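A.B. asks:
There are 2 protein chains.
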Amino acid sequence: MPQFNENDLTAAVVKSFESTPNPRAKFLLQELVKSLHDYVRRTDLTFEEWEYAIEFLTRTGQKCTPIRQEFILLSDVLGVSMLVDAVNHREREGATQTTVLGPFYVGEHKQMPHGSDISPHNVTGEKMFVQSRATDLAGKPLAGVPVDVWHADDDGLYDSQKPSYATHGPTARARFVTDGDGRFFFRTILPCSYPIPTDGPVGEMIVQTRRHPMRPAHVHFLVNAKGYEPLITHVFIDGDKYIDSDVVFGVKDELIAKVEERSDPKMPDGKEASAPWHLMTYEFRLKPGGGMAPKPMAARESEPA
Amino acid sequence: MPQFNENDLTAAVVKSFESTPNPRAKFLLQELVKSLHDYVRRTDLTFEEWEYAIEFLTRTGQKCTPIRQEFILLSDVLGVSMLVDAVNHREREGATQTTVLGPFYVGEHKQMPHGSDISPHNVTGEKMFVQSRATDLAGKPLAGVPVDVWHADDDGLYDSQKPSYATHGPTARARFVTDGDGRFFFRTILPCSYPIPTDGPVGEMIVQTRRHPMRPAHVHFLVNAKGYEPLITHVFIDGDKYIDSDVVFGVKDELIAKVEERSDPKMPDGKEASAPWHLMTYEFRLKPGGGMAPKPMAARESEPA
Chain L
25 MPQFNENDLT AAVVKSFEST PNPRAKFLLQ ELVKSLHDYV RRTDLTFEEW
75 EYAIEFLTRT GQKCTPIRQE FILLSDVLGV SMLVDAVNHR EREGATQTTV
125 LGPFYVGEHK QMPHGSDISP HNVTGEKMFV QSRATDLAGK PLAGVPVDVW
175 HADDDGLYDS QKPSYATHGP TARARFVTDG DGRFFFRTIL PCSYPIPTDG
225 PVGEMIVQTR RHPMRPAHVH FLVNAKGYEP LITHVFIDGD KYIDSDVVFG
275 VKDELIAKVE ERSDPKMPDG KEASAPWHLM TYEFRLKPGG GMAPKPMAAR
325 ESEPA
Chain D
25 MPQFNENDLT AAVVKSFEST PNPRAKFLLQ ELVKSLHDYV RRTDLTFEEW
75 EYAIEFLTRT GQKCTPIRQE FILLSDVLGV SMLVDAVNHR EREGATQTTV
125 LGPFYVGEHK QMPHGSDISP HNVTGEKMFV QSRATDLAGK PLAGVPVDVW
175 HADDDGLYDS QKPSYATHGP TARARFVTDG DGRFFFRTIL PCSYPIPTDG
225 PVGEMIVQTR RHPMRPAHVH FLVNAKGYEP LITHVFIDGD KYIDSDVVFG
275 VKDELIAKVE ERSDPKMPDG KEASAPWHLM TYEFRLKPGG GMAPKPMAAR
325 ESEPA
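Heads up: the protein sequence lines correspond to chains L and D, in order.
Quick note: the first sequence uses the numbering used here, first residue 25, plus one each step.
Quick note: the second sequence uses the numbering used here, first residue 25, plus one each step.
Take a look at the structure:
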């Protein structure tokens, strides 16, 4: 006959998952029960606090749309996303460091020719030339590798956050394929630091806890070479005011690039520059292995419920 | 300069909440970060598993409506609701045991005269007479106390789960106010065991983990006397097949009532009975104190987001 005290209850819930066919699912659920129960006991959680949590989680789910993922944002600001990244990349062996995917990867980027300006609509930003290269751990160039890049504009917004996305299509978002020497290069604008969306429950939490909502300026890269681990990372711009206090804890020393201010009349590909401009140079080293590139959010959201 | 290893990262996230003005909110958030991070480290959570969790939580939030609360259901089947109940009711001092509110309390029950039949539309159920009383810890009757009662019908559904709710109004749901001797009584049908809703993510989890979705038959009571702790509980019907394996872990020995099968031609209030009928007798003992009765779900859901 059941009559659970605080500890018996936990044992009974753990036991209820005993027949779960998938051993990994069983382990994850049983550990989840232990973690949640330990939290409630340790904090003596009140009914009002529990009710607040139920409402918060409900609102977080209801804020999600095919192009907005408030639960990923919650995971990000609680450092959970970066920790999942960390435990899955314990041994880098000289490979480029990884960081969060973030909620603005929409996937299926359109391939563009090297040298393209991916931010033609962003008239207000300062011009930047990005030159990059993908190699293996020994520095051998990796040719024909698709690289997705995306970043925020001069207003701190990603293209997908703006109403114009539907009509204008992607901006500051493209795919390049490395040449025979592993290289790719493109034009864009210098991104700036920006706040995460603050009009949802996660933003409210950031404001209420007196944290700032800012991410330091960065460009996202997803380098996906056959036979190598997909590399999901950012390159951060050195000197940013928020480089030491990224709201999602995504910065790593090795991912910070010194972006040079240049006034040469020509950019590295020999074409005219409207001075001054900025030069970002960064090389990616990939680790042998496999794994799936992340699904873009739209694909995730349209899966059957 | 940041460059977090697995443990530094947790310390950095905890520190980010350092300026939270409300000390209790700060404590709860910092402990939450520790619990979540400990879980990720302990399980070596993969990206695919993290993504599954994000999707699951999103779908759970999106399944909620003004009359359906899938996150409460999740809390219930993980034993979290009962644990919150347990840590908030450590010392009962002889007072009646508490159990979960459940997701079907709609609140603002309509007061009905003693003896009313609260299930007039439920022609298929077996008739039950409920006689009850509210007292203090010494057994002194508490007069004029509002008591909300609600239970599932013979199909295992609450009135609010059916389309007819909008037109027929409440069924198997009412408020009674105790008389001078602390008593109240009413007619209804014998409830049966029933499954929690299985058409959402929580139900899917129950099915996938080979748990059964059943709750043993019970009647909900919310006894709310001025100067006493609001008593939220169920009375379970002895002999139910699921009494030892309630999917939400809500059963306590003391809350199980022997419901008698009767064939007397008159019910306890002297009115005619259509034999056979059932008699449920239960007394509630309230603990001095205060506290708010729970908000009904509709009130919770209509709060500004």
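Where a beta carbon is used, it is the ideal one built from N, C-alpha and C, also for glycine.
Since this is a predicted model, take the numbers as computed values, not measurements.
Taking all protein chains shown into account, decide if residue 99 of chain D is buried (16 or more other Cβ within 10 angstroms of its Cβ) or exposed.
C.D. replies: The count along the second sequence starts at 1 and reaches residue 99 of chain D at position 75. Classification of residue 99 of chain D: buried, given that the 10 Å Cβ count is 16 or more.
A.B. asks: Quick check on the DSSP output: what are the complete beta strand (DSSP E) runs of length 3 or more inside the segment 115-169 of chain L, in order along the chain?
C.D. replies: If we require 3 residues or more, the beta strand (DSSP E) runs fully inside the segment 115-169 of chain L come out as 151-160.
A.B. asks: Under 8 Å, with one C-beta from each stretch per pair, do the segment 126-141 of chain L and the segment 224-231 of chain L reach the 3-pair mark?
C.D. replies: Cβ pair count under 8 Å is below three, so no.
A.B. asks: At the 9 Å Cβ level, is residue 316 of chain L part of the contact set with chain D, yes or no?
C.D. replies: As a working mapping, residue 316 of chain L is identified with position 292 in the first sequence. Yes - at least one Cβ of chain D is within 9 Å of the one on residue 316 of chain L.
A.B. asks: Going by beta-carbon coordinates alone, are residue 124 of chain D and residue 106 of chain D separated by less than 9 Å?
C.D. replies: The residue labelled residue 124 of chain D in the question sits at position 100 within the second sequence. The residue labelled residue 106 of chain D in the question sits at position 82 within the second sequence. Yes; because the gap between Cβ atoms is below 9 Å, this pair is in contact.
A.B. asks: Taking 9 Å as the CB-CB cut-off, is residue 50 of chain D touching chain L?
C.D. replies: Stepping through the second sequence from its first residue, residue 50 of chain D is reached at position 26. Yes, residue 50 of chain D lies at the interface with chain L (some Cβ there is under 9 Å from its Cβ).
A.B. asks: Would you report the Cα separation of residue 219 of chain D and residue 218 of chain L, rounded to the nearest angstrom?
C.D. replies: Position 195 of the second sequence, counted from the start, is the residue given in the question as residue 219 of chain D. Position 194 of the first sequence, counted from the start, is the residue given in the question as residue 218 of chain L. Residue 219 of chain D and residue 218 of chain L: Cα-Cα distance of roughly 48 Å.
A.B. asks: What does residue 40 of chain L reach in chain D if we use C-beta pairs closer than 7 Å?
C.D. replies: Mapped onto the first sequence, residue 40 of chain L falls at position 16. Simply 235.
A.B. asks: Whole alpha helix (DSSP H) runs in the segment 218-253 of chain D with 4 or more residues, listed along the chain?
C.D. replies: Entirely contained in the segment 218-253 of chain D, the alpha helix (DSSP H) runs reaching 4 residues are, in chain order, 225-232.
A.B. asks: Between the C-alpha atoms of residue 120 of chain D and residue 312 of chain D, what's the straight-line distance to the nearest angstrom?
C.D. replies: Looking up residue 120 of chain D in the second sequence gives position 96. Looking up residue 312 of chain D in the second sequence gives position 288. Each residue's alpha carbon lies about 12 Å from the other.
A.B. asks: Return the residue from the list L:285, L:207, L:275 that minimises the CA-CA distance to residue 307 of chain L.
C.D. replies: For the purposes of this step, residue 307 of chain L is taken as the residue at position 283 of the first sequence. With distances taken between Cα atoms, residue 307 of chain L lies closest to L:207.
A.B. asks: Suppose contacts are defined by Cβ-Cβ distances below 9 Å. Is residue 184 of chain L in contact with residue 197 of chain L by that definition?
C.D. replies: One-based indexing of the first sequence puts residue 184 of chain L at position 160. One-based indexing of the first sequence puts residue 197 of chain L at position 173. Yes. Within cutoff.
A.B. asks: Per DSSP, residue 213 of chain L is paired with what?
C.D. replies: Stepping through the first sequence from its first residue, residue 213 of chain L is reached at position 189. Its beta-bridge partners are L:151.
A.B. asks: What does residue 84 of chain D touch in chain L if you count any residue whose Cβ is under 9 Å from its own?
C.D. replies: Here residue 84 of chain D refers to the residue found at position 60 of the second sequence. 81, 82, 85, listed in chain order.
A.B. asks: Give the single residue among L:156, L:150, L:162, L:199 whose Cα lies nearest to the Cα of residue 177 of chain L.
C.D. replies: Sequence index remark: in the first sequence, residue 177 of chain L carries index 153 (1-based). Residue L:150 is the option with its Cα nearest to residue 177 of chain L.
A.B. asks: Residue 217 of chain L CB to nearest chain D CB: under 9 Å?
C.D. replies: Counting from 1 along the first sequence, the entry for residue 217 of chain L is found at position 193. It does not; no Cβ of chain D falls within 9 Å.
A.B. asks: DSSP on residue 106 of chain L, reduced to helix/strand/coil?
C.D. replies: Within the first sequence, the letter at position 82 stands for residue 106 of chain L. The answer is helix: DSSP assigns residue 106 of chain L an H, G or I state.
A.B. asks: Which chain L residues sit within Cβ distance under 7 Å of residue 112 of chain D?
C.D. replies: Start at 1 with the first residue of the second sequence, and residue 112 of chain D comes out as number 88. Under the 7 Å cutoff, chain L gives 70, 71.
A.B. asks: Can you find a CB in chain D that lies within less than 9 Å of the CB of residue 29 of chain L?
C.D. replies: Counted from its first residue, the first sequence places residue 29 of chain L at position 5. Chain D contact via Cβ: present.
A.B. asks: Would you identify the three-state DSSP class for residue 303 of chain L, choosing helix, strand or coil?
C.D. replies: Here residue 303 of chain L refers to the residue found at position 279 when the first sequence is read from its first residue. Three-state DSSP puts residue 303 of chain L in a strand.
A.B. asks: Does any residue of chain L bring its CB to less than 9 Å from the CB of residue 55 of chain D?
C.D. replies: To locate residue 55 of chain D, count along the second sequence from 1; it is residue 31. It does: the Cβ of residue 55 of chain D has a partner Cβ on chain L nearer than 9 Å.
A.B. asks: Rounded to a whole number of angstroms, what is the C-alpha to C-alpha distance between residue 154 of chain L and residue 193 of chain L?
C.D. replies: Here residue 154 of chain L corresponds to residue number 130 of the first sequence, with the count starting at 1. Here residue 193 of chain L corresponds to residue number 169 of the first sequence, with the count starting at 1. For residue 154 of chain L and residue 193 of chain L, the distance between alpha carbons rounds to 22 Å.
A.B. asks: So with Cβ pairs under 9 Å, would you call residue 37 of chain L a contact of chain D?
C.D. replies: Reading the first sequence from its first residue, position 13 is the one you call residue 37 of chain L. For residue 37 of chain L, the answer is yes, since a Cβ of chain D falls inside 9 Å of its Cβ.
A.B. asks: I want to see whether chain D comes within less than 9 Å of residue 66 of chain L, judged by CB atoms only; does it?
C.D. replies: As a working note, residue 66 of chain L is residue 42 in the first sequence. Judged by the 9 Å Cβ criterion, residue 66 of chain L is in contact with chain D.
A.B. asks: Nearest CA to the CA of residue 199 of chain D: which residue from D:244, D:292, D:34?
C.D. replies: What you label residue 199 of chain D is simply residue 175 of the second sequence in a count that begins at 1. When each option's Cα is compared against that of residue 199 of chain D, the closest is D:244.
A.B. asks: Is the segment 86-105 of chain D in contact with the segment 66-82 of chain L, if contact means three or more CB pairs nearer than 8 Å?
C.D. replies: In short, these stretches touch, since the Cβ pair count reaches three.
A.B. asks: Going by other Cβ atoms of all chains shown within 10 Å of its Cβ, with 16 needed for buried, is residue 57 of chain D buried or exposed?
C.D. replies: Residue mapping note: residue 57 of chain D aligns to position 33 of the second sequence, counting from 1. So residue 57 of chain D ends up on the buried side.
A.B. asks: Quick check: is the beta carbon of residue 129 of chain D nearer than 9 Å to any beta carbon in chain L?
C.D. replies: As a first step, residue 129 of chain D must be located in the second sequence, where it is residue number 105. Answer no: the Cβ-Cβ gap between residue 129 of chain D and chain L never drops below 9 Å.
A.B. asks: Quick one: is residue 44 of chain L near chain D, going by C-beta distance under 9 Å?
C.D. replies: In the first sequence, the residue the question calls residue 44 of chain L occupies position 20. So, interface residue.
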